Structure formats: C-alpha cells, structure tokens
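Just below is one structure, and these are the notes that go with it.
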Amino acid sequence: MARKWSGRIVARALVLATLWLAVSGRPLVQQSQSVSDEGPLFLYGWGKITRLQYLYSAGPYVSNCFLRIRSDGSVDCEEDQNERNLLEFRAVALKTIAIKDVSSVRYLCMSADGKIYGLALKELEARYQ
C-alpha cells in the first residue's frame, strides 16, 4: 500500500512540475518576432535600450576631446564635456548600434573612405557593430 501511494505522489509531483514549467518558463521554440522600435535588447529582457553617453576621442593630432555632431552635419570635438556633445547610443539590431547627437538630432555616419559626418536620417552608414 505504501508503494502505491508513493508512486501516486511521484506521478502527481511530476505532473505539477511539468505544468509549472509550461506556464512559467519560456517556450522551447520561439516564434519569430519582428524587432519593434524598442530594439533587440528589449526582447531579450536587458531593459534600457538607449544610453546617453559622451564619446571620448584621442589621437596623434587631437587629444582630450569629446565628439560632437553639428546641425550642419559636420563632426568635431570639444575639450569640455557638456550638453552639446551628449550622444544617444541605441541598439538597432543584435550587436549593432546607432549613435545620435542629442542637441543636433543627427546620426553619426561613416562613408566608405572612412570620413565621418552627421545625417538627419538613420541610414546603413549610421550603424556600427
């Protein structure tokens, strides 16, 4: 009799555990979801998808400066960290970001020959891996 009860208890526990996993866990096969404006990080539960940061640049000719995109599309540096060189980093795809200047509302782009400039619209050249 004790063996019969223990078998029922084990079976009941397995059924309850299976139901709990089915309800609370993620599905084993995910349906493809289109990436919304929230970005891919939101789908993976990483929370905040945009970051406001400053981009520090250093090189042989210019040092100690923060990158800034002007409203005419030119890109230059300022020595002081201020609201004019605050940039928004946004995830647009897996391992890919777009960089936008907050004050000029232009995206940082790079041409095929390596020159950087700012565009008002997000193009393929405005995505970085």
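Each residue of the sequence shown is one higher than the one before, counting from 0 in numbering that gives the first Met the number 0. Glycine included, each C-beta is placed from N, C-alpha and C at the ideal position. Since the model is a prediction, treat every value here as computed from it, not as a measurement.
Between which two residues does the beta strand (DSSP E) holding residue i run?
i            : result
glutamine 80 : Element bounds for glutamine 80: n/a, residue is neither H nor E.
lysine 94    : Neither: lysine 94 is in no beta strand (DSSP E) and is coded neither H nor E.
leucine 66   : 64-68
leucine 107  : 106-109
leucine 51   : 49-52
In this structure, how does DSSP classify residue i when only helix, strand and coil are distinguished?
i           : result
valine 9    : helix
leucine 118 : strand
leucine 86  : strand
Whose C-beta lies closer than 7 Å to the C-beta of residue i among residues of the same chain, with five residues either side of it excluded?
i            : result
tyrosine 53  : Phe65, Gln80, Asn84, Leu85 and Leu86
serine 103   : Ile68, Arg69, Ser70 and Gly117
tyrosine 55  : Phe65
glutamate 77 : Cys64, Phe65, Arg67, Arg83 and Asn84
Does the beta-carbon of residue i have 16 or more other beta-carbons within 10 angstroms, so that it is buried, or is it exposed?
i             : result
aspartate 112 : exposed
aspartate 75  : exposed
leucine 120   : exposed
arginine 11   : exposed
Who are the Cβ neighbours of residue i in its own chain at under 8 Å, not counting the five residues just before and after it?
i              : result
isoleucine 115 : Val74, Leu107, Cys108 and Met109
Whose C-beta lies closer than 6 Å to the C-beta of residue i among residues of the same chain, with five residues either side of it excluded?
i            : result
arginine 143 : Residue 143 is absent from the structure shown; the chain starts at 0 and stops at 128.
lysine 99    : Glu87 and Tyr106
glycine 72   : Tyr116 and Gly117
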